[in-house]
Amino acid sequence: MDPTDTVRLPRRRRADAAMSIPTPEEVGLLMAVAEEQARTFIALCAFAGLRLGEAAAVQLNDVNFVRKTLNVTRQVQRVTGGAIDVRSPKYGSERVVHLADGLIDLVAQHVADIGTVGAEQWLFGEDGEPPHQNTVGYWWRKALQAAGLSGIKLHDPRHFYASGLLAAGCDVVTVQRSLGHAKATTTLNTYAHLWPTAEDRTRAAAQSIIEASLGDQSTADGPDRHSPTHDEARRIQPSAMVAGPTTFPQIASEDGRKASSREQSQERQLCTAPGSVRAGIQHQWRHRQVSSQWEGPGKFERAPGGPITPWHDSGYNRATAESWSRNGPAKD
Numbered sequence: 030m031d032p033t034d035t036v037r038l039p040r041r042r043r044a045d046a047a048m049s050i051p052t053p054e055e056v057g058l059l060m061a062v063a064e065e066q067a068r069t070f071i072a073l074c075a076f077a078g079l080r081l082g083e084a085a086a087v088q089l090n091d092v093n094f095v096r097k098t099l100n101v102t103r104q105v106q107r108v109t110g111g112a113i114d115v116r117s118p119k120y121g122s123e124r125v126v127h128l129a130d131g132l133i134d135l136v137a138q139h140v141a142d143i144g145t146v147g148a149e150q151w152l153f154g155e156d157g158e159p160p161h162q163n164t165v166g167y168w169w170r171k172a173l174q175a176a177g178l179s180g181i182k183l184h185d186p187r188h189f190y191a192s193g194l195l196a197a198g199c200d201v202v203t204v205q206r207s208l209g210h211a212k213a214t215t216t217l218n219t220y221a222h223l224w225p226t227a228e229d230r231t232r233a234a235a236q237s238i239i240e241a242s243l244g245d246q247s248t249a250d251g252p253d254r255h256s257p258t259h260d261e262a263r264r265i266q267p268s269a270m271v272a273g274p275t276t277f278p279q280i281a282s283e284d285g286r287k288a289s290s291r292e293q294s295q296e297r298q299l300c301t302a303p304g305s306v307r308a309g310i311q312h313q314w315r316h317r318q319v320s321s322q323w324e325g326p327g328k329f330e331r332a333p334g335g336p337i338t339p340w341h342d343s344g345y346n347r348a349t350a351e352s353w354s355r356n357g358p359a360k361d
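Residue numbers for the sequence shown follow the numbering used here, so the first one is 30 and each next one is one higher.
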């Protein structure tokens with residue numbers, strides 16, 4: 030009989046429930062209030078994804094300021110008696126991390142202002158040795174208190190870094206290598222809930238198609254859309270009303286500039302409204318195939334199909350427009 034048959038395994042919380050990811054605002058606040066040495070330490074965790082022990086074991090020679098890379102080859106672990114042990118990182122965690130320009134600048138400033146520790150040029154530490162985990166924990170608690178935050182663990186900035194890579198569209202292998210996971214399955218099991226879903230990608234792809242096709246017109250029906258005013262309705266270019274069944278009048282500005290996409294969208298809305306004044310005008314001009322030009326404010330040229338006068342400046346045409354609004358356009 031196997032004695033483990035009756036042993037109940039402990040429950041594991043779902044990753045999405047157990048994981049805590051600080052916001053960019055919280056990370057920025059912690060960076061702002063942390064002590065100078067702790068600021069760079071937090072940056073390596075939040076912007077390069079290093080574990081606590083890996084960040085504590087960074088030496089100056091690990092940083093290539095020209096290629097903007099960081100070699101992760103060791104970690105600091107505490108041992109019995111309050112001592113520390115420098116050893117290789119977790120299996121499969123040795124890696125090269127590609128650093129952002131801002132992080133390279135921060136590390137360079139750290140070296141210029143604070144310098145390094147001991148003959149091995151540790152980036153952090155005291156008395157010639159890298160920092161103990163208790164020391165790092167003290168830095169972190171002090172920064173949290175100064176920022177007025179709580180409930181954020183020092184390992185959480187690593188999750189913050191991972192979530193940023195995923196949000197930027199990095200694939201699973203890229204994230205795995207950056208975090209030093211031995212297997213891609215570890216990355217997937219840990220961060221699967223953060224990966225964009227097929228629905229997210231479908232929506233993003235559809236939106237890109239809309240923007241490529243319509244440009245800023247795709248947002249013309251947004252919350253700021255409003256019904257055209259009477260003054261806007263008066264500013265119609267007659268020459269835009271002629272060509273055919275798909276041609277709509279366009280709003281012209283007082284200074285003659287081309288109408289914006291939002292104004293054109295409003296114009297289309299008014300033109301196609303059943304029984305609208307503008308729909309009647311569109312119908313009349315489309316069937317007569319009139320081509321006219323501005324002669325000045327409130328004047329048109331005479332055009333084939335009979336005399337045309339501005340509907341908004343002529344009492345006759347104003348009455349006709351009102352009749353159209355009530356009864357529909359006249360039949361040609």
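C-beta atoms are modelled at their ideal positions from N, C-alpha and C, and glycine is treated no differently.
Grouping DSSP H, G and I as helix and E and B as strand, with all else coil, what is residue i?
| i | result |
| --- | --- |
| W340 | Confidence at W340 is low in this model, with a pLDDT of 38, below 50, so the placement of that residue is unreliable and no value is reported for it. |
| D114 | strand |
| A281 | Bear in mind that a pLDDT of 43 at A281, under 50, signals an unreliable position, so the number given afterwards is only what the model happens to contain. Looking at A281 - three-state DSSP - the assignment turns out to be coil, as it is neither helix nor strand. |
| E261 | Any answer about E261 is weak, because its pLDDT of 48 lies below 50 and its placement is not dependable; what the coordinates show is given next. If DSSP states are grouped into helix, strand and coil, E261 belongs with the helices. |
| R158 | Looking at the sequence shown, residue 158 is not Arg but Glu. Reduced to three states, the DSSP call for E158 is strand. |
| P32 | helix |
| S268 | Annotation note: pLDDT 39 at S268 (below 50); position unreliable, coordinate value reported separately. Three-state DSSP puts S268 in a helix. |
| C74 | helix |
| S192 | helix |
| A175 | helix |
| L38 | coil |
| G166 | helix |
| L3 | Limits of the chain in this structure are 30 at one end and 361 at the other, which puts residue 3 out of reach. |
| A67 | helix |
| M48 | coil |
| P358 | Confidence in P358 is poor, its pLDDT being 49 and thus under 50, which makes the residue's placement unreliable; the coordinate value appears in the next sentence. Coil, per DSSP. |
| Q322 | Because the pLDDT at Q322 is just 40, under 50, the model does not fix this residue reliably, and the value given afterwards should be weighed accordingly. Coil, per DSSP. |
Can you tell me where the alpha helix (DSSP H) with residue i in it begins and where it stops?
| i | result |
| --- | --- |
| N218 | A213 to Y220 |
| K182 | Element bounds for K182: n/a, residue is neither H nor E. |
| E228 | A227 to L243 |
| G57 | P53 to V62 |
| G82 | L81 to A85 |
| L208 | V201 to L208 |
Thinking C-beta only, is residue j closer than 8 Å to residue i?
| i | j | result |
| --- | --- | --- |
| V126 | V115 | no |
| V101 | G177 | no |
| R124 | R206 | yes |
| V146 | V92 | no |
| T190 | F94 | Reading off the sequence shown, one finds Tyr at residue 190, where the question assumed Thr. In this structure, F94 does not lie closer than 8 Å to Y190 by Cβ. |
| F70 | W151 | no |
| D20 | E65 | In the structure displayed, the chain extends from 30 to 361; residue 20 sits before or after that span and is not available. |
| A72 | L132 | yes |
| M48 | H188 | yes |
| A216 | V201 | Correcting the residue type first, residue 216 is Thr in the shown sequence and not Ala. Taking 8 Å as the Cβ cut-off, T216 and V201 qualify as a contacting pair. |
| Y220 | L183 | no |
| P186 | V56 | yes |
| A211 | G121 | yes |
| E83 | P118 | yes |
Can you tell me which of the options puts its alpha carbon nearest to the alpha carbon of residue i?
| i | options | result |
| --- | --- | --- |
| T52 | A84, T145 and I181 | I181 |
| L58 | L99, K171 and Q88 | K171 |
| L81 | I133, N100, D34 and N163 | N163 |
| R107 | L99, L132 and G166 | G166 |
| R103 | V95, I113 and R96 | I113 |
| G157 | A67, E55 and A85 | A85 |
| H161 | D130, Y120, G121 and G111 | G111 |
| E149 | V87, A234 and H184 | V87 |
| L128 | G198, Y120, D31 and T98 | T98 |
| H222 | S237, I239 and S192 | S192 |
| L89 | A213, G144, S237 and N218 | G144 |
| M29 | L173, P159, D31 and T109 | Outside the displayed span of the chain (30 to 361) sits residue 29, for which this structure offers no information. |
| S179 | I50, T35 and D31 | I50 |
| F153 | Q236, R68 and S237 | R68 |
Does the Cβ of residue i lie closer than 7 Å to at least one heavy atom of the ligand MG?
| i | result |
| --- | --- |
| Y167 | In terms of ligand content, the structure shown is empty, and the ligand MG therefore cannot be addressed. |
Counting only runs of 3+ residues fully inside the segment 89-150, write out the beta strand (DSSP E) ranges in chain order. 98-101, 104-107, 113-116 and 124-127
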